[in-house]
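To start, the structure under review is shown below, and the notes come after it.
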Amino acid sequence: MGQLKNTYQNNSQNQISLEVYLQFISEIKQIDAEKENELIQRIGENDTDALKELVEANLGLVVSIAKQYQELGLSLRDLILEGNLGLISAANRLVSSQEFNFKTFASKWIDQSIFQAITEYFWISRLSFNQNVYKNRIDKVLHQLSRNFANQLSMNCSKYRSNSFAWFTGNI
């Protein structure tokens with residue numbers, strides 16, 4: 001029961017932190033195309049403040065993209081975190097001489113980052129599921145072998161299993 005309580009508290013805390021984060025980004029001033037181009041120029045000159053300002057101005061884009069993937073297994077919070085990594089990657093890959101809409105450029109990186117996280121999540125889930133399948137198969141084979149050996153020795157299967165386990169662990 002304590003485990004369930006901790007899980008509920010963690011989910012509740014995550015929800016509160018997500019709400020605080022969403023409130024924070026809703027208060028960030030949006031930038032126009034002229035300001036965006038200025039920031040891109042400054043980023044080309046290695047201005048970290050410009051990079052921070054451009055990333056912060058586009059955090060809402062990450063949330064809107066992350067919401068599209070919400071039903072695929074990961075929490076919205078995790079999707080936003082992964083999307084933020086994609087946004088930062090996009091901002092770091094800017095070339096100041098290019099003329100383009102940063103949101104279009106960044107959305108591809110955000111999508112890719114979120115998609116990669118979802119793929120890894122499903123791969124890990126599948127790996128865990130397969131481990132359980134293989135464990136069940138091994139248990140079934142061991143039980144069948146124990147029964148066969150017990151029958152050959154004219155023993156009760158449970159007595160054979162406890163004796164063989166004691167022998168295996170050195171507790172004879």
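In this text, residue positions in the sequence shown follow UniProt numbering: the first is 1, and each later residue adds one.
Note that the Cβ used here is the ideal one computed from N, Cα and C, for glycine as well.
Computed from a predicted structure; not experimentally measured.
Between the beta-carbon of residue 18 and that of residue 76 there is about 7 Å, and that keeps the pair under the 8 Å contact cut. The three-state reading of DSSP puts residue 44 in helix, counting H, G and I together. The Cβ atoms of residue 61 and residue 107 lie closer than 8 Å to each other.
Counting along the chain, residue 73 sits inside no alpha helix (DSSP H), nor does DSSP assign it H or E at all. If you ignore the 5 residues before and after residue 42, its C-beta comes within less than 6 Å of the C-beta of 50, all in its own chain and listed in chain order.
In this structure the region 86-96 lies against the region 55-74, because at least three pairs of beta carbons, one per stretch, are closer than 8 Å. Between residue 120 and residue 90, the alpha-carbon positions lie close to 21 Å from each other. Proximity to residue 23 across 32, 78 and 59 peaks at 59, based on C-alpha coordinates.
Non-local beta-carbon contacts of residue 56 in its own chain, meaning distances under 7 Å to residues more than five positions away in sequence, involve 28 in chain order.
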